[in-house]
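Under the working numbering, the first residue of the sequence shown is numbered 94, with each subsequent residue one higher.
Virtual Cβ for every residue (Gly too), placed ideally from N, Cα, C.
Below is one structure; the comments refer to it alone.
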Amino acid sequence: MQHKKLYIETYGCQMNFSDSEIVASIMAGDHYTMTEQAKDANVILINTCSIRDNAEQRVWKRLRELKSLKKKHSDVQIGVIGCMAERFKEAMLEMQPEVDFIAGPDAYRSLPELIAASTAGQQTANVMLSEEETYDDIQPVRLHSNGVSAFISIMRGCENFCAYCVVPFTRGKERSRNPQTILREATDLFNNGYREITLLGQNVNSYHWNQDDGTVIRFPQLISMVAAIDPLLRIRFTTSHPKDLSDDLIQAIAQHRNICRSIHLAVQSGSNRILQKMNRKYTREYYLERIHAIRTAIPDCAISTDIIAGFCDETEQDHQDTLSLMREVRFDYAFMFKYSERPDTIAAKKFDDNVPDEVKSRRLEEIIALQQELSLQSNKNDVGKVVEVLVEGNSRKSAAQIMGRDSRNKVVVFDSQELKTGDYADVRITRCTSATLIGDEL
Ligand code: SAH
Ligand code: SF4
Ligand code: F3S
């Protein structure tokens, strides 16, 4: 049997990158091998993101580019998968006649049939969302892997319906994956030399699994079970919702040295008025209390966040509240965005996108500038400290330099001759930038 070639391009969040690895596995079962070159492929898959308008614009641009490739190689099949496929559904096939088939996030098992039908000349689509699909029996094909770090999806979907967010519409209902299959996947990765696993879900800490005996496994137990596989295996998780950041989870992290000292906790805004409008289900005070609980139990924990600038009705005072919250928490790192209205969300239906674009931009710039200061300060505080680094490979700048991360997910660069990818090293930090720690191996 001749092997056909598959090319996958992935946009969006880590869940999408993880899904591409599941897709590669499903396609391997249909005799496809991966290629890094779109022009060599029999099938091209674009795994797409709808989170902000600019994420979608990038994909439309890419699809226009692929149009010319399709003209040259008319037998190549192009499929759009992921969140845009789910959002646009069959309409995507009309808008983009070069697209041969589409599949939503819960429909990847049907890709071989969709491709067979499209090869026979028929445009096809499967955008059914599922309440059960977790792909738990599928062993992902690790793509673009450094051989050290891997993602494991442990839950899918989201039903929090934050007012601005498209994810509940593109990813469907929340569901958790069988813990036994998670443990098996993590153990296999460790036995194959992997040393860092990131447990993934849109609300990873809402994980819960009902066992046959009536007991429930929640996230703190699951992460403790994964951490028990081996002390040399580092565990990360993303992304957690503040409402489910329980004391039990904080305790579980504190008790296991190999659960990383790094919590990503999206705050979105520092203003109670805006948080309520966003339907985030917590207040500024609750968020700050959770940060305090983390810092008390895990003093060396890094805290990162997501922030949206210019949500509907955001005033100058609301914006100042966000800046003051950032100063109060002293985030180590942040992802910062300009609000982008998404069709069909609660905000699009009920509120006016009334903060002018130049105001959004200016507020975003202020948020970014402040975060830059906070990140630099956080790194400066590390100068003189010793951190444990998991080696990921050579640094981009020089082959004699090693790049890795410490438990807090900070990038550390240092000189070394002997170390291999996957080794641990103690490094004394001697200097820093706002993005990188630089040091000497002990
Ligand atoms: N489930 C995660 C967030 C996933 S989306 C969580 O709740 O933490 C990643 C980030 O994109 C969000 O945290 C938010 O900051 C941002 N985002 C989501 N929708 C957005 C929109 N419509 N405009 C701008 N940013 C948005
Ligand atoms: Fe979107 Fe909110 Fe769900 Fe995160 S929790 S994916 S922001 S709806
Ligand atoms: Fe984007 Fe979908 Fe992830 S909208 S952020 S790829 S869940």
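Leaving aside the five residues that flank ILE522 on each side, the residues in its chain whose CB is nearer than 6 Å to its CB run, in chain order, ASP475, VAL476, LYS478, LEU530 and GLY532. Looking at the DSSP output, GLY172 bridges to LEU138 and PHE194. By DSSP's assignment, ILE396 forms a beta bridge with ILE356. In this chain, the alpha helix (DSSP H) harbouring LYS370 covers 365-370. As the crow flies, the alpha-carbon of ASP341 is around 25 Å from that of LEU418. Here GLY532 is bridged, per DSSP, to PHE507 and ILE522. TYR379 carries a helical assignment under DSSP once its states are collapsed to helix, strand and coil.
For GLU102, the enclosing beta strand (DSSP E) covers residues 97-103. With respect to ILE356, ILE387 sits close: the two C-beta atoms are nearer than 8 Å. Short note on HIS334: C-beta closer than 7 Å to some heavy atom of the ligand SAH. For GLU224, there is no enclosing alpha helix (DSSP H), as DSSP gives it neither H nor E. For TYR287, the secondary structure class from DSSP, reduced to helix, strand or coil, is coil. Short note on ASN253: C-beta closer than 7 Å to some heavy atom of the ligand SF4. Under the 10 Å beta carbon count, MET221 is surrounded by fewer than 16 other beta carbons and is classified as exposed.
Excluding five sequence positions before and after GLU278, the CB atoms of its chain that fall closer than 6 Å to its own CB belong to ILE245, given in chain order.
ALA440 is classed as buried because its beta carbon has at least 16 other beta carbons within 10 Å across all chains shown. Taking C-beta atoms as the reference points, ASP414 and GLN361 fail to come closer than 8 Å. In the structure shown, ASP112 adopts helical secondary structure according to DSSP, grouped into three states.
Contact annotation: ASN109 and GLY175 have beta-carbon atoms nearer than 8 Å.
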